[in-house]
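Visitor: Please read through the structure below; I'll follow up with questions.
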Amino acid sequence: MTIAIAFCWGVFVIVAIQAAFSLIFVVWMSRRARLPEQSFTPKAAVILCLRGADPFLKECLRSLLDQDYPEFQLQVVVDSLGDPSRAVLREFESDERVRVSVLQDPPRTCSLKCAAIVQAIRELDPSFEVVAFCDADTVPHPTWLAELAAPLHD
980 MTIAIAFCWG VFVIVAIQAA FSLIFVVWMS RRARLPEQSF TPKAAVILCL RGADPFLKEC
1040 LRSLLDQDYP EFQLQVVVDS LGDPSRAVLR EFESDERVRV SVLQDPPRTC SLKCAAIVQA
1100 IRELDPSFEV VAFCDADTVP HPTWLAELAA PLHD
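Numbering (this note's numbering), first residue to last: 980 to 1133.
What follows is the structure, encoded as structure tokens:
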């Protein structure tokens, strides 16, 4: 009987120590994850390469344009003029932050996506300090771009 009681107390102590360490870790991570008030937000570009109309494309575009970031541009490169994604893009082209281009003369030495990325980067103004890439099936949260840029301050 005394062995069972000692074992129970031992397990209780181990669980209490583990819970304390877990709580300390959670508090430490939550403080670390917060962005500073004056976070680093240089001029940024988000490159989105499209081929076909992904089911999440409209949500992706909305969430990208709803970023809590002061100055950014969404650079979209579409594979062709007849691409189905063009129909979805028409809804967003009136936003001055959206730039849409069609892939021109892709080289045979790389994939269409790589060719679109190279074209998008060549079309960017040199004043952009941060470039982020996003896929059409991604729905980034409002602070996504700020969180990506913040570590670049160092």
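We treat Cβ as the ideally placed atom computed from N, Cα and C, and that holds for glycine.
#1: So, helix, strand or coil for F1093, using DSSP?
#2: On the DSSP letters alone, give me the boundaries of the beta strand (DSSP E) that A1023 sits inside.
#3: Considering A1111, what are the terminal residues of the alpha helix (DSSP H) in which it resides?
#4: Excluding five sequence neighbours on each side, which residues of the same chain lie with their C-beta closer than 6 Å to the C-beta of L1103?
#5: CA-CA distance, L1014 and H1120?
#6: Round the Cβ separation of L1060 and V1081 to the nearest angstrom and send it over; I've been treating them as touching at under 8 Å.
Guide: Let me lay it out:
#1: With the sequence shown as reference, residue 1093 is identified as Cys, and Phe is not the correct amino acid for it. Of the three classes helix, strand and coil, the one that applies to C1093 here is helix, per DSSP.
#2: 1023-1029
#3: Looking at the DSSP string, A1111 is not in any alpha helix (DSSP H); the run it does join, the beta strand (DSSP E), is 1109-1113.
#4: A1024
#5: With a pLDDT of 49 at L1014, under the threshold of 50, the predicted position of this residue should be treated as unreliable, and no value is reported.
#6: 6 Å
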